[in-house]
Amino acid sequence: MEFTEAYKQTGPCCFSPNSRYVAVANDYRLVIRDTFSFQVVQLFSCLDKISYIEWALDSEYILCGLYKKPMIQAWSLTQPEWTCEIDEGPAGISYARWSPDSRHILTTSEFQLRLTVWSLLNTACVHVQWPKHGSKGVSFNQDGKFAAICTRRDCKDYVNLLSCQSWEIMGSFAVDTLDLADLEWSPDDSSIVVWDSPLEYKVLIYSPDGRCLFKYQAYECGLGVKTVSWSPCGQFLAIGSYDQMLRVLNHLTWKTFAEFLHLSTVRAPCSAAIFKEIDEPLQLDMSELSLDENFMPSNYDASEGYISVRYEVMELPVAFPFQKPPADKPNPKQGVGLLAWSKDSQYICTRNDSMPTALWIWDMRLLEVAAILVQKEPIRAAVWDPTCTRLLLCTGSSHLYMWTPSGAFCVCNPLPGFSISDLKWNIDGSCLLLKDKDAFCCATVPSLPESSDYSSDD
516 MEFTEAYKQT GPCCFSPNSR YVAVANDYRL VIRDTFSFQV VQLFSCLDKI
566 SYIEWALDSE YILCGLYKKP MIQAWSLTQP EWTCEIDEGP AGISYARWSP
616 DSRHILTTSE FQLRLTVWSL LNTACVHVQW PKHGSKGVSF NQDGKFAAIC
666 TRRDCKDYVN LLSCQSWEIM GSFAVDTLDL ADLEWSPDDS SIVVWDSPLE
716 YKVLIYSPDG RCLFKYQAYE CGLGVKTVSW SPCGQFLAIG SYDQMLRVLN
766 HLTWKTFAEF LHLSTVRAPC SAAIFKEIDE PLQLDMSELS LDENFMPSNY
816 DASEGYISVR YEVMELPVAF PFQKPPADKP NPKQGVGLLA WSKDSQYICT
866 RNDSMPTALW IWDMRLLEVA AILVQKEPIR AAVWDPTCTR LLLCTGSSHL
916 YMWTPSGAFC VCNPLPGFSI SDLKWNIDGS CLLLKDKDAF CCATVPSLPE
966 SSDYSSDD
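Be aware that the sequence shown starts at 516, since it is given in our numbering, and climbs by one per residue.
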């Protein structure tokens, strides 16, 4: 892997959908860099500090959320002199997003009073009263023709279906939830999944015309659903719960065909490879060298020498560090808080928040755990390569961790003092964006060979 130099950032950073640009928030300035040369191609000055940025799907426009002001500013890469400002007045703005056609912006006001659709083509705007959430509760189908928006009125949750061409309400139906948490279209657009708040375990599958196809409730009298995700192929629906279990439903009968438990101790028989991150000090005599402190790598310890890390394959049984959440505090750190599918839908990775240093990788063909990665620090983020079966994760250290079906290995970031707290792929899997607290860099990732020779010792 090759790394770029570090660049300053004070907020969100993201690749454009066409992978040509990376947008970076730096206080009130929006910096657009080319992903090949990393030269600045556009620089826009906003009216306040940037809290949020989002690219339009055609990569021609980009919006900035200035939520402290509060207002939205949009910019065009092809017409730098063009600008758009959206201000809801006393209603405020809590969130903004693009529509799939890249010519409309949807904003949600403070206190969820209304959702407004603003057109960039004319001055028309459409209002949807009483949206359920600010940043959640809106989902577009795959071809971008329809939007499902959660609303709440008369103490009941509803799903409104809007046409993304005329923005007229095509239909509305009530859903059987006490406090709807979110919804999501299926990848084949045949159904919409709706799930309740953690206080009530309830997952509902609806057809677009409002028919309830299935109601799923794994248990009662306990904190319920924490994460929900469709597989890219659309055949599976994964549900992560507060009881530390992952359940997978099939799209034909909507029955549970797999239940995976995150055990605090893994014993034989188990075919999974368990990789544990360990330190590997390299004793280098640098006493006779006169080096500036800024030259020393971030993972250099004067008492131990240059610190490298690698994975070691553990023998069973293996016990994982377990954190019992306090019973007197809300939002306990337990249950499946991270859940992500691989591109081919064969693997799914999970993190049980009670064991934040362990990442579980499940094989959906064999219906068993394929590997477990045990880190020294809690896992911050884990993302799959959008082009192949390769998983990358970070823990806030200077290292990057990778897993493929052939093994796991560690990569050291050579930038001094750079701790990787978040990471994002571009759409073609050729470049990776790594974020530190106040800086970011990018790394070019080599394509994965068909028969990988990576091992845990690399």
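Backbone N, C-alpha and C define an ideal beta-carbon position, used for all residues, glycine too.
Which one or two residues does DSSP pair with residue i in a beta bridge?
i: G580; result: Y567, I587
i: V537; result: F530, R548
i: S978; result: Nothing can be reported for residue 978, as the shown portion of the chain is limited to 516 through 973.
i: T622; result: A611, T631
i: L695; result: D711
i: A689; result: Y673
i: F790; result: V828, L888
i: F518; result: A958
i: T598; result: W590
i: T780; result: A834
i: K839; result: In the DSSP output, where bridge partners are listed per residue, K839 has none listed.
i: K523; result: A954
Classify residue i: buried if its beta carbon has 16 or more other beta carbons within 10 angstroms, exposed otherwise.
i: I568; result: buried
i: N637; result: exposed
i: N496; result: Any answer about residue 496 is impossible in this case: the structure gives the chain only from 516 up to 973.
i: V555; result: exposed
i: E699; result: buried
i: S531; result: buried
i: S687; result: exposed
i: T666; result: buried
i: K730; result: exposed
i: M516; result: exposed
i: D974; result: Beyond the ends of the chain as shown, which are 516 and 973, falls residue 974; an answer cannot be given.
i: G922; result: buried
i: T598; result: exposed
i: Y505; result: Outside the shown range of the chain (516 to 973) lies residue 505, about which nothing can therefore be said.
i: H642; result: exposed
i: P871; result: buried
i: E830; result: exposed
i: L907; result: buried
i: P723; result: buried
i: E792; result: buried
i: A817; result: In this prediction, A817 scores a pLDDT of 45, lower than 50, which makes its location untrustworthy; the coordinate-derived value is nonetheless stated afterwards. A817 is exposed by the Cβ-count criterion.
i: E603; result: buried
Enumerate in chain order the residues of its own chain whose CB-to-CB distance from residue i is below 7 Å, with the five nearest sequence positions on each side excluded.
i: P747; result: P702, W856, K858, S860
i: N541; result: K523, Q524, T525
i: K741; result: P713, G755, S756, Y757, G850, V851, G852
i: E596; result: none
i: N533; result: S574
i: D563; result: Y543, L581, K583, K584
Can you find a C-beta in chain B that's less than 8 Å from the C-beta of residue i?
i: L558; result: Absence of chain B from the displayed structure is noted, only one protein chain being present.
Can you name, in chain order, every residue of its own chain whose Cβ lies under 8 Å from the Cβ of residue i, other than the five neighbours on each side?
i: Q759; result: L776, H777, Q849, G850, V851, N867, S869
i: A611; result: Y567, E569, L578, G580, I587, I601, I620, L621, T622, T623
i: T593; result: E575
i: L558; result: R544, L545, V546, I547
i: Y673; result: C665, T666, R667, S687, F688, A689, V690
i: F933; result: A521, S813, S913, L949, D951, A954, C956
In its own chain, which residues sit with a C-beta less than 6 Å from the C-beta of residue i, not counting the 5 before and 5 after it?
i: P840; result: P847, K848, Q849
i: S609; result: T623, E625, G649
i: P585; result: G607, I608
i: W633; result: I601, I620, C640
i: V781; result: V833
i: W710; result: A696, V718, V740, V743
i: G725; result: F688
i: V653; result: I664
i: A773; result: V763, L882
i: E819; result: Confidence is the limiting factor: at E819 the pLDDT is only 40, short of 50, which leaves the residue's position unreliable and the question unanswerable from this model.
Confirm the yes/no value for this check: CB of residue i, any heavy atom of the ligand GTP, distance under 7 Å.
i: A958; result: Here there are no bound small molecules, and the ligand GTP is not part of this structure.
Count the CB pairs spanning the segment 889-906 and the segment 747-764 that are closer than 8 Å, and state whether there are at least three.
no
Counting pairs of beta carbons, one from the segment 873-887 and one from the segment 781-791, are three or more of them closer than 8 Å?
yes
How about the segment 690-697 and the segment 643-660: do they share at least three Cβ pairs that are nearer than 8 Å?
yes
Within the segment 738-775, note down every full beta strand (DSSP E) run reaching 3 residues or more, in order along the chain.
740-745, 751-756, 760-765
Is the segment 605-615 touching the segment 652-661 in the sense that three or more CB pairs, one from each, lie closer than 8 Å?
yes
Stretch pair the segment 928-944 + the segment 899-910: three plus CB contacts closer than 8 Å
yes
3 or more residues per run - each beta strand (DSSP E) lying fully within the segment 850-920:
851-856, 862-867, 873-878, 883-889, 896-899, 906-909, 914-919
What residue ranges within the segment 637-685 form continuous beta strand (DSSP E) runs of no fewer than 3 residues, ordered along the chain?
640-644, 653-655, 661-668, 671-678
In the segment 920-965, which residue ranges form an unbroken beta strand (DSSP E) of at least 3 residues, counting only runs that do not cross its ends?
922-927, 937-940, 946-950, 954-959
Could you tell me which whole beta strand (DSSP E) segments of length 3 or greater appear in the segment 714-739?
718-721, 727-731
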